[in-house]
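Here the structure comes first, spelled out in structure tokens, and everything after it is commentary.
4 protein chains.
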Amino acid sequence: MSAPAFTPFDGDYEARVRESFARQPFMTTMGAQLGAVAPGRVELVLPFADHLTQQHGFFHGGAIGAVADTAGGYAAFSLFPADATVLTVEYKINIMAPGRGERLVAVGEVVRSGRTLTIARVEVYGETGTTRTHCATATQTLMCLVGRADTRA
Amino acid sequence: MSAPAFTPFDGDYEARVRESFARQPFMTTMGAQLGAVAPGRVELVLPFADHLTQQHGFFHGGAIGAVADTAGGYAAFSLFPADATVLTVEYKINIMAPGRGERLVAVGEVVRSGRTLTIARVEVYGETGTTRTHCATATQTLMCLVGRADTRA
Amino acid sequence: MSAPAFTPFDGDYEARVRESFARQPFMTTMGAQLGAVAPGRVELVLPFADHLTQQHGFFHGGAIGAVADTAGGYAAFSLFPADATVLTVEYKINIMAPGRGERLVAVGEVVRSGRTLTIARVEVYGETGTTRTHCATATQTLMCLVGRADTRA
Amino acid sequence: MSAPAFTPFDGDYEARVRESFARQPFMTTMGAQLGAVAPGRVELVLPFADHLTQQHGFFHGGAIGAVADTAGGYAAFSLFPADATVLTVEYKINIMAPGRGERLVAVGEVVRSGRTLTIARVEVYGETGTTRTHCATATQTLMCLVGRADTRA
């Protein structure tokens, strides 16, 4: 399935996504970086670091889930109006292979964009050089809160 | 629903859980601590810290998911034989309220313990003083790998 | 976890649930019956019948999912205002044991009741005489559509 | 994402899938039919019928889940050895649009094929003439039981 093409509500969607992402301290803690940002599609890159691992030395399942949640959340957010914020309602992730490689790449894509709810899918890959292993697949439900600032109260 | 009572395979289950948890660098990065450990039931406590937040200043959804994944994983692990390790097959989490409070408390309980697969449920609460808000509910499928060390290769 | 006590919006919630359930032809096809109905809690009973089975002669996983979806949906609906209808946003079900017995009993309970979204949990049991086996556990997200009739357009 | 190409274990996979499907009385009850069967990919078609509906006259969410579960299950089964059967461990389905149309088409594809566990994704469409609406998306975990007959005991 290829992602449907979306027309963003807000022409400044990319700046809005990048600026909001920069205000997520947990992503800074993890060392995650935004990759490509398109309407309804956001990539996240998480370079390998020992502080992200579990007891086998692989990326922790919770770290895999965190980048999946964030990639899908910003894919949704990219289609929202300028005065809205995003909430994760739920996500479900299947971890299909150990999280290993030089980096994780999480690709979030909107599957359905509704007025209140958005459904996103996220694929997470372990990448070393140009070799990718499909590590995890997630689906996510997100809520658009219009008129609520995407910042601290 | 109260958790069924389980008889652990391995009498040293608590030491095994605590020792494995201590070898998860990502949990150290987050500042998560093990609470009570019983057969098929593990509590995790995550004190609030700014480095765990999202753009509204609440616990990041990925951090909520990470403690849920870990609490459920160790609840399963507590029932495994001594020579086994645990893999998360999948988890699904509904975030029902913003992650806020002095700490998150994640309570993982085994619902069904099978030879290969274990199903766990996790409730995550935001706690301030003695007041708890139900923040998230998760279900999780875990795999028991017998004869594989719970350490780096 | 015991279900929190809920105060229904609409004093006639039970009649509304029973009347709506009676208008679901798929439940009639399956032979499902409503059991106890309380605010935020609905039981469904599905007597065993060969036409509900899969290739091993047990209740089909799709039938287990269908009664879970319905029990959780009506648990949510019982708390809605009188002029609203319910939509399933998503559900996730772990089938922990084969669906076998004289009947399935699905118990849906609201975990969180919000203005727009409701989260329910459903436990499905295989029952023979008074012996219950825990067959499946599900979580579900439901949407309240106010001002839309719970009938055919 | 397009499905990876799989080499089936068993050259007779298609006959095995069709023969097993024919032994699922619940699918007969619903009126579901097998469409195309390829290694790791199975299509199911469910013609609209009033006995499959909910209170608004659309396909019941439980019927949507049932065809999704079955399409994904047989996609997995198509890659199993000849002497194995399949169990659904769990599935999660997002219903993104009302189930409406002349028929539902469920397309199940294996995402990862492991020795014990297989992960499948299922897309469900409502179809009228040649017009398709994306109705639901599901992910599913399936278990391969080798040496256990795919029939009644």
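So the protein sequences, as listed, match chains S, X, Z and R. At position 73 of the first sequence the residue is numbered 73 (the working numbering), and the sequence of numbers has no breaks. Heads up: take any position in the second sequence, counting from 1, add 1000, and you land on the working numbering. Heads up: take any position in the third sequence, counting from 1, add 2000, and you land on the working numbering. Heads up: take any position in the fourth sequence, counting from 1, add 3000, and you land on the working numbering. Glycine included, every Cβ here is placed at the ideal spot set by N, Cα and C.
- Between Z/Gly2126 and Z/Thr2137, the CB-CB gap reaches or exceeds 8 Å.
- Residues of the segment 45-60 of chain S whose Cβ lies closer than 7 Å to any Cβ of chain X, in chain order: Asp50, His51, Leu52, Thr53, Gln54, Gln55, His56, Gly57 and His60.
- Identification of chain S residues near X/Val1089 by a Cβ-Cβ cut-off of 8 Å yields Asn94 and Ile95, ordered along the chain.
- The closest CA to that of Z/Ile2093, considering only Z/Cys2144, Z/Phe2021 and Z/Val2067, is found on Z/Val2067.
- Between the segment 21-30 of chain S and the segment 79-92 of chain S there are fewer than three inter-stretch CB-CB distances shorter than 8 Å, so the stretches are not counted as touching.
- With a cutoff of 8 Å on beta-carbon distance, Z/Phe2006 and Z/Pro2039 are scored as near each other.
- If you ignore the 5 residues before and after R/Thr3116, its C-beta comes within less than 8 Å of the C-beta of Met3143 and Cys3144, all in its own chain and listed in chain order.
- Residue range Tyr1013 to Ala1022 is occupied by the alpha helix (DSSP H) that includes X/Ser1020.
- For the pair X/Ile1095 and R/Gly3011, the Cα-to-Cα distance works out to about 45 Å.
- When Cβ-Cβ separations below 8 Å define contact, S/Leu142 makes no contact with chain Z.
- Nearest to Z/Thr2139 by alpha-carbon distance, out of Z/Thr2128, Z/His2051, Z/Val2045 and Z/Val2110, is Z/Val2110.
- Membership of Z/Pro2025 in the alpha helix (DSSP H) is indicated by the continuous run Pro2025 to Met2030.
- Near chain S, meaning a CB-to-CB distance below 7 Å, the residues of the segment 2105-2133 of chain Z are Thr2116 and Leu2117.
- For R/Thr3085, the enclosing beta strand (DSSP E) stretches over residues Ala3084 to Ile3095.
- Here S/His51 is near X/Thr1029, since their CB atoms are less than 8 Å apart.
- By the neighbour-count criterion, in which 16 or more other beta carbons inside 10 Å mark a residue as buried, S/Thr130 falls on the exposed side.
- Exposure of S/Val146 is indicated by the presence of fewer than 16 other C-beta atoms within 10 angstroms of its C-beta.
- In this structure R/Gly3065 is not in contact with Z/Gly2108, their Cβ atoms being roughly 15 Å apart against a cut-off of 8 Å.
- Setting aside the 5 residues that flank it on each side, S/Asp150 is surrounded in the same chain by Ser20 and Thr85, each with a C-beta closer than 6 Å to its C-beta; the list follows chain order.
- Per DSSP, reduced to three states, the secondary structure at R/His3051 is helical.
- Within chain S, the residues Gln54, Gln55 and His60 have their CB atoms less than 7 Å from the CB of X/Gln1024, given in chain order.
- It is roughly 9 Å from the alpha-carbon of Z/Leu2087 to the alpha-carbon of Z/Thr2141.
- When DSSP reads this structure, S/Val110 sits in a beta bridge with S/Ala120.
- With respect to the C-alpha of S/Arg100, the residue from S/Phe59, S/Ala36 and S/Pro8 having the closest C-alpha is S/Phe59.
- Residue-level contact by beta carbon fails for S/Thr7 and chain R, as no gap is shorter than 8 Å.
- The Cβ atoms of S/Leu44 and S/Arg18 lie no closer than 8 Å to each other.
- Within the same chain, Cβ atoms closer than 8 Å to the Cβ of X/Leu1079 are found at Phe1006, Pro1008, Phe1009, Tyr1013, Pro1039, Gly1040, Val1110, Ser1113 and Thr1118, the five residues on either side in sequence being excluded.
- For S/Gly35, the enclosing beta strand (DSSP E) starts and ends at Gln33 to Ala38.
- In the DSSP assignment, Z/Ala2138 falls within the beta strand (DSSP E) that extends over Thr2131 to Val2146.
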